[in-house]
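Chains as they are written, first to last, in the UniProt record's numbering: chain G, 1 to 581; chain C, 1 to 206.
Notes for the one structure printed next.
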Ligand code: HEM
Ligand SMILES: [Cu+2]
């Protein structure tokens, strides 16, 4: 018997009643974590499309050195809205979407710890997004960049800036509420017998993510409240004309926003750690290394923020400190990358769309990580700060990392979520177009940055024209690449072939129920017959050996490979009192 | 797929699951854990603002800036004592409900609420007598925003206590086994108290 069969026969999915819901449920205040997960995933994807349109407008303006497409003021609003939407309405909540859908299933719970709070957290997102976009209609869209540095942000338009602050405050609150839910759920609601070391790695990643959300997002809220006072009430916290100090805003902002880049990548590190072993048919390499490096990243991530401020006039010793801590972060990140490579190494790879995106993730993310270490070096950063080199870096990690990770997650869990398979051919077309488009768009930006082209400027020196033209073409290709996915997803959701419960022969618990899962996830309390990544491990002569995996009277006690009940237990320590003779 | 080809009954592994039916009745209560995490987040907002305050302090040549009128210490001092003692008072409410003594709990909560209200009134009185306004200078702004933000929290705590009082009219709503509301209000009140101590130290004493 394979490990997958072992796990499946331990958890027979009996429910005939599939968790198919009425379409109206998805538009309502529903407390089922699966509905909320889908709400998150679909809503954020819509915002991704909006943010993508804005990106292509930006790139269209940059196709030529002159401002021949939009005015510089409109250009400023375009890149501000693009970045704000992509960060706060796409990548951050998309991670929360996967977490909502997957965590309870992975740990064998029926729902999140606070289902109603969960729904509240979701329903803050659409109003916040609409609020932000409505600023376009008001005619005063925020235009001080996603960083919203004062004093610039205080002089470019009160209404737009106020809308921006409101919207980001709402989104921040939503993600804090989400994080509380994830932490309590993972910590308290695992099935009995699932130790932390038997949790899927995605849960570890979400612990790390939620911890930084909880600790850093409030500081941004504090900064935005003060900024709001400066903007609307005439205080001068960040306004040098009244004795205030804009650098303090930068510290507070980056105290959140550097950890936020890990909020934007750790969940997808987690997804990748799930996807690679399943499709490589090998145990994950270095379970504990991956688990602990997530925690290390989230801790170190809290003490590196000023690497965004090397040119803001901070003292030399501070530059030194932040340069060193920033470079140290590359170590736990590197540990993860090596573990993933070792997981795939020598595996029986199934090169389907999910796996391709996951491997693409590792490849492109490494490029972004390397440019990150370059930027961490103060002498280098002084030259390329605020140039396209930074833009190249952040898009390699955020697009090449987070976005590819999200797509890998879509392809991997689509069968579970919808009960139907995505079309593989169009999935591969999607992958090919994305990976080419992404490198075409962002690779040349490294060169632009080295040549000295500033970011956030609508006009530029004609000598940059050719490379910009290439970038713009790449961005159009990226826009095109989304269509195969959208059409594939809609078509497959309606007519795709039936997926069955466990199409990938995976071992984690979300695959041990029907697809889509029943309303309360599992009919019976699930048990662990294998570890989460025991792929390809032999279990000697299976049928003949009676491995007492379960205690008939108390299955809750019979979980886990370390359970005393797996082998013949020493009667003295037997879990069930009746056996202690 | 695979799961259909294997009949669980015929494998070596024969599982009998317990129904997880008891789930709904004894849904374990994680709300206190959740509340504590929420307060960690709240604490970080204050942490950020206090950090900003200290940064302004260290950047400006003199603090408070030249010409800021002196702060009166007597009223806020008394207020501080009232708020801190109210933390002990509300703890008595918690002890009472753990002994299933609802009337006593109500008394202690009512006293706490009164003390909270006195604190807020005192703060408003202080505001009305100060010689600087929100935009006078950086110190003044920080003073009003920080104390105001804290006062908002006191107000929320007060509302929470009153809500518990209101609900406890129904006999049996709270008991020695079921008293999340009382406990939550108490924890929140302690939090507001601790924040005030730091705030008082920063604004009035440092
Ligand atoms: C090996 C790890 C990394 C290192 C050493 C690193 C280092 C840096 C440094 C030093 C900067 C500042 C450049 C400047 O403004 O002059 C920067 C910018 C940035 N990084 Fe990273 N980074 C790393 C990973 C990541 C990850 C994983 C993400 C997101 C998923 C990310 C997102 C960003 C963003 C968005 C910016 C630009 C912020 C802005 O100014 O708008 N980085 N990075
Ligand atoms: Cu950073």
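Beta carbons are placed, not taken as given, at the ideal position from N, Cα and C, and that holds for glycine.
Bear in mind the structure is a predicted one, so any value in this text is a computation, not a measurement.
Reducing DSSP to helix, strand and coil, say where residue 524 of chain G ends up. Counting from 1 along the first chain, the entry for residue 524 of chain G is found at position 524. Of the three classes helix, strand and coil, the one that applies to residue 524 of chain G here is strand, per DSSP.
Which residues does DSSP list as the beta-bridge partners of residue 420 of chain G? On the first chain, position 420 is the one that residue 420 of chain G refers to. Residue 420 of chain G is bridged to G:498.
Listed in chain order, which residues of the region 36-47 of chain C have Cβ atoms closer than 9 Å to some Cβ of chain G? 37, 38, 40, 41, 42, 43, 44, 45, 46 and 47
Between residue 62 of chain C and chain G, is any beta-carbon pair separated by less than 8 Å? As a first step, residue 62 of chain C must be located in the second chain, where it is residue number 62. It does not: the Cβ of residue 62 of chain C has no partner Cβ on chain G nearer than 8 Å.
What residue range does the alpha helix (DSSP H) around residue 582 of chain G cover? With chain G running from 1 to 581 in the structure shown, residue 582 of chain G is simply not present.
Mind listing the chain C neighbours of residue 243 of chain G? Cutoff is C-beta to C-beta under 8 Å, in chain order. The residue given as residue 243 of chain G occupies position 243 in the first chain. Ordered by position in chain C, the residues that pass the 8 Å Cβ test against residue 243 of chain G are 60, 65, 137 and 138.
Any 3 or more C-beta pairs closer than 8 Å across the region 416-431 of chain G and the region 282-296 of chain G: no
Exposed or buried, what is residue 118 of chain G when buried is set at 16 or more other beta-carbons lying within 10 Å of its beta-carbon? Residue 118 of chain G sits at position 118 when you count from the first residue of the first chain. It counts as buried.
contact_flag[the region 96-115 of chain G, the region 520-529 of chain G] where n(CB pairs < 8 Å) is 3 or more: yes
Rounding to the nearest angstrom, what Cα-Cα distance links residue 89 of chain G and residue 69 of chain C in this structure? Indexing the first chain from 1 puts residue 89 of chain G at position 89. Indexing the second chain from 1 puts residue 69 of chain C at position 69. The alpha-carbon atoms of residue 89 of chain G and residue 69 of chain C are separated by roughly 46 Å.
Please list the partners that residue 235 of chain G has in chain C, where partner means a Cβ-to-Cβ separation under 9 Å. Here the question's residue 235 of chain G lines up with position 235 in the first chain. Under the 9 Å cutoff, chain C gives 134, 135, 138, 140, 141, 142, 144 and 145.
Considering only C-alpha positions, which residue in the set G:414, G:123 and G:511 is nearest to residue 5 of chain G? Mapped onto the first chain, residue 5 of chain G falls at position 5. Comparing Cα-Cα distances from residue 5 of chain G to each of G:414, G:123 and G:511, the minimum goes to G:511.
Close beta carbons around residue 343 of chain G, own chain, < 7 Å, minus the five adjacent residues each side: Here residue 343 of chain G refers to the residue found at position 343 of the first chain. Closer than 7 Å at the Cβ level, and outside the excluded window around residue 343 of chain G, lie 276, 277, 280, 282, 284 and 285.
Between the CA atoms of residue 317 of chain G and residue 251 of chain G - distance to the nearest angstrom: Here residue 251 of chain G is taken as the residue at index 251 of the first chain, counted from 1. Here residue 317 of chain G is taken as the residue at index 317 of the first chain, counted from 1. Answer to the nearest angstrom: the Cα atoms are 16 Å apart.
Any beta carbon from chain C within less than 8 Å of residue 417 of chain G's own beta carbon? Mapped onto the first chain, residue 417 of chain G falls at position 417. No, because no Cβ of chain C sits closer than 8 Å to the Cβ of residue 417 of chain G.
contact_flag[the region 430-446 of chain G, the region 388-405 of chain G] where n(CB pairs < 8 Å) is 3 or more: yes
Around ligand 1, which residues pass a check of Cβ closer than 6 Å to any of its heavy atoms? G:147, G:261, G:264, G:265, G:307, G:308, G:326, G:329, G:330, G:333, G:369, G:372, G:373, G:375, G:376, G:381, G:385, G:390, G:393, G:394, G:397, G:398, G:401 and G:402
For residue 563 of chain G, three-class secondary structure by DSSP: Within the first chain, residue 563 of chain G is the residue found at index 563, counting from 1. Model confidence at residue 563 of chain G stands at a pLDDT of 47, short of 50, so the residue's coordinates are unreliable; what they give is reported in the following sentence. DSSP places residue 563 of chain G in coil when its eight states are reduced to three.
Counting along the chain, where does the alpha helix (DSSP H) carrying residue 277 of chain G start and finish? As a first step, residue 277 of chain G must be located in the first chain, where it is residue number 277. Element bounds for residue 277 of chain G: 266-280.
In chain order, what residues of the same chain lie with their CB nearer than 7 Å to the CB of residue 129 of chain G, ignoring the 5 residues before and after it? Taking the first residue of the first chain as 1, we reach residue 129 of chain G at position 129. Excluding positions up to five away in sequence, the list reads 47 and 89.
Inter-stretch contact (C-beta, 8 Å, three-pair minimum) for the region 90-97 of chain C and the region 174-185 of chain C: yes
Tell me, please, whether the CB atom of residue 531 of chain G is closer than 8 Å to any CB atom in chain C? As a working note, residue 531 of chain G is residue 531 in the first chain. With 8 Å as the cut-off, residue 531 of chain G does not count as an interface residue toward chain C.
Assign residue 72 of chain G to one of two classes, buried (16 or more other C-beta atoms within 10 Å of its C-beta) or exposed (fewer than that). Position 72 of the first chain, counted from the first residue, corresponds to residue 72 of chain G. Residue 72 of chain G is exposed by the Cβ-count criterion.
I need the boundaries of the alpha helix (DSSP H) containing residue 104 of chain G, first residue and last residue. Here residue 104 of chain G refers to the residue found at position 104 when the first chain is read from its first residue. Its alpha helix (DSSP H) spans residues 92-106.
Tell me whether residue 53 of chain C is buried or exposed, calling it buried when 16 or more other Cβ atoms sit within 10 Å of its Cβ. As a working note, residue 53 of chain C is residue 53 in the second chain. Residue 53 of chain C should be labelled buried.
How about residue 82 of chain G: is its Cβ closer than 7 Å to a heavy atom in ligand 2? Here residue 82 of chain G corresponds to residue number 82 of the first chain, with the count starting at 1. Residue 82 of chain G Cβ: outside cutoff for every heavy atom of ligand 2.
For residue 433 of chain G, which of G:446, G:411, G:476 and G:417 has the nearest alpha-carbon? Taking the first residue of the first chain as position 1, residue 433 of chain G is located at position 433. The shortest Cα separation from residue 433 of chain G among G:446, G:411, G:476 and G:417 belongs to G:476.
Proximal residues to residue 44 of chain G (C-beta, below 7 Å), its chain only, five neighbours per side dropped: Numbered from its first residue, the first chain carries residue 44 of chain G at position 44. The answer, listed in chain order, is 89, 90, 93, 94 and 97.
Residue-chain proximity (residue 184 of chain G, chain C), Cβ-Cβ < 8 Å: If you number the first chain from 1, residue 184 of chain G lands on position 184. Answer yes: the Cβ-Cβ gap between residue 184 of chain G and chain C drops below 8 Å somewhere.
If you pair each beta-carbon of the region 104-113 of chain C with each one of the region 127-140 of chain C, do three or more pairs fall below 8 Å? no
Does the beta carbon of residue 215 of chain G sit closer than 8 Å to a beta carbon anywhere in chain C? Taking the first residue of the first chain as position 1, residue 215 of chain G is located at position 215. Yes - at least one Cβ of chain C is within 8 Å of the one on residue 215 of chain G.
What does residue 30 of chain C touch in chain G if you count any residue whose Cβ is under 9 Å from its own? Taking the second chain and counting its residues from 1, the one referred to as residue 30 of chain C is at position 30. Going along chain G in sequence order, the residues near residue 30 of chain C (Cβ under 9 Å) are 113, 114, 184, 185, 187, 188 and 189.
At the level of alpha carbons, what is the spacing between residue 112 of chain G and residue 428 of chain G? The residue given as residue 112 of chain G occupies position 112 in the first chain. The residue given as residue 428 of chain G occupies position 428 in the first chain. Their Cα atoms are separated by approximately 34 Å.
Close Cβ partners of residue 489 of chain G (< 8 Å) along its chain, the five nearest in sequence each way excluded: Position 489 of the first chain, counted from the start, is the residue given in the question as residue 489 of chain G. Excluding residues within five positions, the ones whose Cβ falls inside 8 Å are 410, 414 and 422.
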